[in-house]
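In our numbering, the protein residues as written are 1 to 91.
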């Protein structure tokens, strides 16, 4: 689907269809994606998905996706948004 993102495996085969506005790299067993639509309050909708494209957690955030960062700590991936004024909103 033009202009959408999904995931492929190491053989170049599509494993999660192109349906997201943005798709960040998988960190361990979870990918972080941005849905195309905003919620009813105008917030951006982000989701953690597993390798079968099941939504594990949904986050509604007023912060734009360019502020998303990921940190790896052992086996855990932690995502956060850089909030205005230098703060963070963790996930």
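Beta carbons are placed, not taken as given, at the ideal position from N, Cα and C, and that holds for glycine.
Treat the numbers as computed from the prediction; the structure is a model and nothing was measured.
Straight-line Cα distance separating residue j from residue i
| i | j | result |
| --- | --- | --- |
| residue 72 | residue 2 | No answer about residue 72 holds up, because its pLDDT of 48 lies below 50 and its placement is not dependable. |
| residue 14 | residue 5 | 11 Å |
| residue 21 | residue 57 | 17 Å |
| residue 32 | residue 24 | 5 Å |
| residue 44 | residue 53 | 19 Å |
| residue 9 | residue 62 | 32 Å |
| residue 12 | residue 59 | 29 Å |
| residue 28 | residue 39 | 28 Å |
| residue 41 | residue 55 | 21 Å |
Proximity below 9 Å, CB of residue i to CB of residue j
| i | j | result |
| --- | --- | --- |
| residue 30 | residue 16 | no |
| residue 18 | residue 35 | no |
Residue environment, residue i, which counts as buried when at least 16 other CB atoms sit within 10 Å
| i | result |
| --- | --- |
| residue 37 | exposed |
N- and C-terminal bounds of the beta strand (DSSP E) containing residue i
| i | result |
| --- | --- |
| residue 6 | 5 to 8 |
query: In the region 12 to 49, which residue ranges form an unbroken beta strand (DSSP E) of at least 3 residues, counting only runs that do not cross its ends?
result: Listed in chain order, they are 14 to 20, 22 to 27, 30 to 34 and 44 to 49.
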